[in-house]
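**Student:**
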Amino acid sequence: MSLVSTLTSRIGRLLPIYAVLYVAFLYLPILLLPLFSFNDSKVLGFPLTGFTTKWYGSLAEQTALFDALKNSLIVAILSAIVATSLGTLISRAIAKYRYPMRRVSHTIVMVPLVMPEIIIAISLLILFLGIGLGTTLFTVILAHSLLTIPFCVSIMTSAFGQFDDSLEEAAIDLGEGTWGALRRVTLPVVAPGIISCLLISFTVSFDEFILAFFLSGNSPTLPVYIWSQVRFPAKLPNVIALGSLLILVSVLFLLVAEHFRRRSARLTTKSE
Amino acid sequence: MDTPIAVNIADVSKSFGQFEAVKNVDLQLKQGEFFSLLGPSGCGKSTLLRMIAGFEDPTEGSITIDGREMKGIEANHRPTNMVFQSYAIFPHLNVEENIVFGLARSGLNKGEKRAKANEMLEKVGLAGLGRRGAHELSGGQRQRVALARALVLEPKVLLLDEPMSALDKKLREQMQMELRALQRSVGITFLMVTHDQHEAMTISDRCGVMFGGKLAQVDAPEILYQAPRTKQVADFIGGMNFIEGQIGAHEGGSLEIDLPVFGKVSVDEHGVSERAGAPITIGLRPERIHVEKNRPEGADVFAEAEVVDRAFYGETIHYYLALNGRKDPIIASITNFERREHFEIGEKVWSGFRGAAAVALPQD
Numbered sequence: 001m002s003l004v005s006t007l008t009s010r011i012g013r014l015l016p017i018y019a020v021l022y023v024a025f026l027y028l029p030i031l032l033l034p035l036f037s038f039n040d041s042k043v044l045g046f047p048l049t050g051f052t053t054k055w056y057g058s059l060a061e062q063t064a065l066f067d068a069l070k071n072s073l074i075v076a077i078l079s080a081i082v083a084t085s086l087g088t089l090i091s092r093a094i095a096k097y098r099y100p101m102r103r104v105s106h107t108i109v110m111v112p113l114v115m116p117e118i119i120i121a122i123s124l125l126i127l128f129l130g131i132g133l134g135t136t137l138f139t140v141i142l143a144h145s146l147l148t149i150p151f152c153v154s155i156m157t158s159a160f161g162q163f164d165d166s167l168e169e170a171a172i173d174l175g176e177g178t179w180g181a182l183r184r185v186t187l188p189v190v191a192p193g194i195i196s197c198l199l200i201s202f203t204v205s206f207d208e209f210i211l212a213f214f215l216s217g218n219s220p221t222l223p224v225y226i227w228s229q230v231r232f233p234a235k236l237p238n239v240i241a242l243g244s245l246l247i248l249v250s251v252l253f254l255l256v257a258e259h260f261r262r263r264s265a266r267l268t269t270k271s272e
Numbered sequence: 001m002d003t004p005i006a007v008n009i010a011d012v013s014k015s016f017g018q019f020e021a022v023k024n025v026d027l028q029l030k031q032g033e034f035f036s037l038l039g040p041s042g043c044g045k046s047t048l049l050r051m052i053a054g055f056e057d058p059t060e061g062s063i064t065i066d067g068r069e070m071k072g073i074e075a076n077h078r079p080t081n082m083v084f085q086s087y088a089i090f091p092h093l094n095v096e097e098n099i100v101f102g103l104a105r106s107g108l109n110k111g112e113k114r115a116k117a118n119e120m121l122e123k124v125g126l127a128g129l130g131r132r133g134a135h136e137l138s139g140g141q142r143q144r145v146a147l148a149r150a151l152v153l154e155p156k157v158l159l160l161d162e163p164m165s166a167l168d169k170k171l172r173e174q175m176q177m178e179l180r181a182l183q184r185s186v187g188i189t190f191l192m193v194t195h196d197q198h199e200a201m202t203i204s205d206r207c208g209v210m211f212g213g214k215l216a217q218v219d220a221p222e223i224l225y226q227a228p229r230t231k232q233v234a235d236f237i238g239g240m241n242f243i244e245g246q247i248g249a250h251e252g253g254s255l256e257i258d259l260p261v262f263g264k265v266s267v268d269e270h271g272v273s274e275r276a277g278a279p280i281t282i283g284l285r286p287e288r289i290h291v292e293k294n295r296p297e298g299a300d301v302f303a304e305a306e307v308v309d310r311a312f313y314g315e316t317i318h319y320y321l322a323l324n325g326r327k328d329p330i331i332a333s334i335t336n337f338e339r340r341e342h343f344e345i346g347e348k349v350w351s352g353f354r355g356a357a358a359v360a361l362p363q364d
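If you read the protein sequences in the order shown, they are chains A and B.
For the first sequence, my numbering gives the first residue as 1, with consecutive numbering after it.
For the second sequence, my numbering gives the first residue as 1, with consecutive numbering after it.
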């Protein structure tokens, strides 16, 4: 016994070191990106040669980049709306009703989360070409909705799981119809969850590369455009600067999404 | 009784698949009364309440409210409002917005709605708290908001589903008295569902006791307590000693009953029609049993007993008395008044009771 407890207490003392190494290994490489983006050299590497903001400045001259950014925004906004609407409806059904194959349908909806993206990309490409849809931004929107619905479903099932059903009954009891209850009570109460879904699916879609690479055809999204630029060493510092900006935006979005997710948990928690 | 009927429940049954939750219930609620549906959990009382509210449809039978048949009328068009067990306060709205929620289609303007809300807040003792957020309210305040929100619509019947179960004991007792006073001041018919017999007895004009989907007895609290009609009701409401005996004879409204240990005693007939020789149970409230050192004077029948246990409750003391020839001890509750003689465990005492204090219960 004493040997085991000595061992575990020693391992216990090493845990903080492990944690620090773990976080460093994960996040230091990402921090290198902003670091190099301010470096006054076309070569990515140490030693750093001097401070500059010119790579950010010259970003503005790249029109193809702005087209790609526009494409990405269109795809991210529309697929976020589609995924959030469908995800909310699916979650309401799963949380409120008991119907045959309920668990199976829940699992099917969550499958894209664990399916290799390359497999989804290839199958969707075959499907879209086969039914004559071709590859456009529209097909990327469809694919991204498929990919982000599971995120929305997990956020919303937890929001609806904590939703006190008597709130809806109370609204009906006080004279509202089914739609009135949905509009005046259910949706406002889970609104933080819905906002959190919109932000997360937007972020996932905005960063997504594989599906967009296969399905975007002649209108590349930002990640696809960045990938195409990496082949030209002269453009690399620009790409790094752009990448740093994207990291910043993504982190901001996730922080806001997390804020709303917590508020959602507070609003919907059943009263004791 | 000339009081008009507010709710008429006629032969109502409700089944969920194979399970019969409510079986052939007949019940009339009078205008302006405080009625409680009392029963253990799962006895169908909540289902009955939800059928009146319009959240469930009766499988059979009809419900009329204020003379109007409710079949086919949705919950949002019924003249009923409900206080939910969880109170269902809308968390995204403040107190005032919660209260005026149901006035959306009333055609009142903002100022009129606010005036109504303030009037209701005053009535439920929350004056000045209109701007409070829903999550800043205590349990008691939530209940008051739920009451105000329902009463502001002036329903024919206010339905309350276990309204006290979320409150602690002290607050519950306070809210019970307030609820009673509120009901008297608004004059609306209240129908409350509860599993707490004390609560039902304290605040109601009448109670209905339900077991297994059936209404066992409907009466004023005093009658329910003093003259329960079945063994189940007698057992559910208050403490009760049951003593089995045999019917000796019927004589002009009373029954002569042969009891083991105690002997022959004359008890009110109380609707028991079984013939002489049939087995019968009598119920005896603990506080109606005399316990004395010497042979009791005021009792009709008495027997020697031994104190086997004792429980002190402050205002009363319970003695567990073993009688010769009886397996379970009987429980006697003695008021702890001044200069009362006390007994120790193991002490030999006399116990007895008057025939008028016992109630004859037909075999179930």
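Virtual Cβ for every residue (Gly too), placed ideally from N, Cα, C.
Quick one: using the 10 Å Cβ neighbour count with 16 as the cut-off for buried, is residue 137 of chain A buried or exposed?
**Tutor:** If you number the first sequence from 1, residue 137 of chain A lands on position 137. Counting Cβ neighbours within 10 Å, residue 137 of chain A comes out buried, since at least 16 surround it.
**Student:** Quick one: list the residues of chain B neighbouring residue 164 of chain A, beta-carbon separation under 8 Å, in chain order.
**Tutor:** Position 164 of the first sequence, counted from the first residue, corresponds to residue 164 of chain A. Neighbours of residue 164 of chain A on chain B, chain order: 86 and 88.
**Student:** Are any of the Cβ atoms in chain B nearer than 7 Å to that of residue 295 of chain A?
**Tutor:** This structure cannot speak to residue 295 of chain A, because chain A is shown only from 1 to 272.
**Student:** What would DSSP say about residue 139 of chain B, mapped onto helix, strand or coil?
**Tutor:** Residue mapping note: residue 139 of chain B aligns to position 139 of the second sequence, counting from 1. In this structure, residue 139 of chain B counts as helix in the three-state DSSP scheme.
**Student:** Does the pairing of the stretch 8–18 of chain B with the stretch 59–72 of chain B give three or more beta-carbon distances under 8 Å?
**Tutor:** Judged by Cβ distances under 8 Å, the stretch 8–18 of chain B makes contact with the stretch 59–72 of chain B, as three or more pairs qualify.
**Student:** Taking only the alpha-carbon atoms, compute the straight-line gap between residue 167 of chain B and residue 81 of chain B and give it to the nearest angstrom.
**Tutor:** Stepping through the second sequence from its first residue, residue 167 of chain B is reached at position 167. Stepping through the second sequence from its first residue, residue 81 of chain B is reached at position 81. Cα-Cα distance, rounded: 21 Å.
**Student:** Going by the beta-carbon positions, is the gap between residue 215 of chain B and residue 7 of chain B smaller than 7 Å?
**Tutor:** The residue labelled residue 215 of chain B in the question sits at position 215 within the second sequence. The residue labelled residue 7 of chain B in the question sits at position 7 within the second sequence. No.
**Student:** Excluding the five sequence neighbours on either side, which residues of its own chain have a C-beta within less than 6 Å of the C-beta of residue 272 of chain A, listed in chain order?
**Tutor:** By one-based count along the first sequence, residue 272 of chain A stands at place 272. Because the pLDDT of residue 272 of chain A is 35, which lies under 50, any placement of that residue in the model is unreliable, and the question is left without a value.
**Student:** Please list the terminal residues of the continuous alpha helix (DSSP H) segment that includes residue 95 of chain B.
**Tutor:** Your numbering for residue 95 of chain B matches position 95 in the second sequence. Element bounds for residue 95 of chain B: 95–99.
**Student:** Start and end of the beta strand (DSSP E) containing residue 30 of chain A?
**Tutor:** Here residue 30 of chain A refers to the residue found at position 30 when the first sequence is read from its first residue. No beta strand (DSSP E) holds residue 30 of chain A; the alpha helix (DSSP H) holding it covers 2–37.
**Student:** Exposed or buried, which one is residue 61 of chain A when buried takes at least 16 other CB atoms within 10 Å?
**Tutor:** Here the question's residue 61 of chain A lines up with position 61 in the first sequence. Looking at its Cβ environment, which holds fewer than 16 other Cβ atoms inside 10 Å, residue 61 of chain A is exposed.
**Student:** Taking buried to mean at least 16 other C-beta atoms within 10 Å of its own C-beta, is residue 42 of chain A buried or exposed?
**Tutor:** Residue numbering aside, residue 42 of chain A sits at position 42 when the first sequence is read from its first letter. Residue 42 of chain A should be labelled exposed.
**Student:** Beta-carbon of residue 190 of chain A versus every beta-carbon of chain B: anything under 7 Å?
**Tutor:** Indexing the first sequence from 1 puts residue 190 of chain A at position 190. Closer than 7 Å: no.
**Student:** Using the Cα positions of residue 338 of chain B and residue 174 of chain B, report the straight-line distance between them to the nearest angstrom.
**Tutor:** Against the second sequence, residue 338 of chain B aligns to sequence position 338. Against the second sequence, residue 174 of chain B aligns to sequence position 174. Each residue's alpha carbon lies about 29 Å from the other.
**Student:** Closer than 9 Å, Cβ to Cβ, to anything on chain A: give me those residues from the stretch 54–75 of chain B, in chain order.
**Tutor:** Listed by position, the residues of the stretch 54–75 of chain B near chain A (Cβ gap below 9 Å) are 54, 55, 74 and 75.
**Student:** Between residue 205 of chain B and the rest of its own chain, which residues show a CB-CB distance below 6 Å, the 5 nearest in sequence each way excluded?
**Tutor:** Taking the second sequence and counting its residues from 1, one reaches residue 205 of chain B at position 205. Hits under 6 Å: 33 and 34.
**Student:** Which residue or residues does DSSP assign as beta-bridge partners of residue 319 of chain B?
**Tutor:** Sequence index remark: in the second sequence, residue 319 of chain B carries index 319 (1-based). Its beta-bridge partners are B:310 and B:332.
**Student:** Going by beta-carbon coordinates alone, are residue 102 of chain A and residue 160 of chain A separated by less than 7 Å?
**Tutor:** Position 102 of the first sequence holds residue 102 of chain A. Position 160 of the first sequence holds residue 160 of chain A. Contact flag unset, no.
**Student:** What number of angstroms, rounded off, separates the C-alpha of residue 233 of chain A from the C-alpha of residue 50 of chain A?
**Tutor:** As a first step, residue 233 of chain A is located in the first sequence; it is residue number 233 there, counting from the start. As a first step, residue 50 of chain A is located in the first sequence; it is residue number 50 there, counting from the start. So the alpha carbons of these two residues sit roughly 19 Å apart.
**Student:** Rounding to the nearest angstrom, what Cα-Cα distance links residue 260 of chain B and residue 212 of chain B in this structure?
**Tutor:** Along the second sequence, read from residue 1 onward, the residue named residue 260 of chain B stands at position 260. Along the second sequence, read from residue 1 onward, the residue named residue 212 of chain B stands at position 212. C-alpha separation (whole angstroms): 32 Å.
**Student:** Using the beta-carbon count (16 or more within 10 Å), is residue 30 of chain A buried or exposed?
**Tutor:** One-based indexing of the first sequence puts residue 30 of chain A at position 30. The residue in question, residue 30 of chain A, is exposed, as its Cβ has fewer than 16 Cβ neighbours within 10 Å.
**Student:** Going along chain B, which residues have a C-beta under 7 Å from residue 172 of chain A?
**Tutor:** The residue given as residue 172 of chain A occupies position 172 in the first sequence. Within 7 Å Cβ-Cβ: 75 and 76.
**Student:** Give the interface partners of residue 167 of chain A over in chain B, defined as CB-CB distance under 7 Å, in chain order.
**Tutor:** On the first sequence, position 167 is the one that residue 167 of chain A refers to. Correct list: 88 and 90.
**Student:** Let me confirm a value: residue 16 of chain B is counted as buried when at least 16 other C-beta atoms fall within 10 Å, else exposed. Which label applies?
**Tutor:** Here residue 16 of chain B corresponds to residue number 16 of the second sequence, with the count starting at 1. Its Cβ having fewer than 16 others within 10 Å, residue 16 of chain B is exposed.
**Student:** What residue range does the alpha helix (DSSP H) around residue 35 of chain B cover?
**Tutor:** Residue mapping note: residue 35 of chain B aligns to position 35 of the second sequence, counting from 1. Taken as a continuous stretch (DSSP letters only), residue 35 of chain B belongs to no alpha helix (DSSP H), being part of the beta strand (DSSP E) at 34–38.
**Student:** Any beta carbon from chain B within less than 7 Å of residue 175 of chain A's own beta carbon?
**Tutor:** Position 175 of the first sequence, counted from the start, is the residue given in the question as residue 175 of chain A. Yes - at least one Cβ of chain B is within 7 Å of the one on residue 175 of chain A.
**Student:** Counting only C-beta atoms, is residue 137 of chain B closer than 7 Å to chain A at any point?
**Tutor:** Residue 137 of chain B sits at position 137 when you count from the first residue of the second sequence. Output row for residue 137 of chain B: interface = no.
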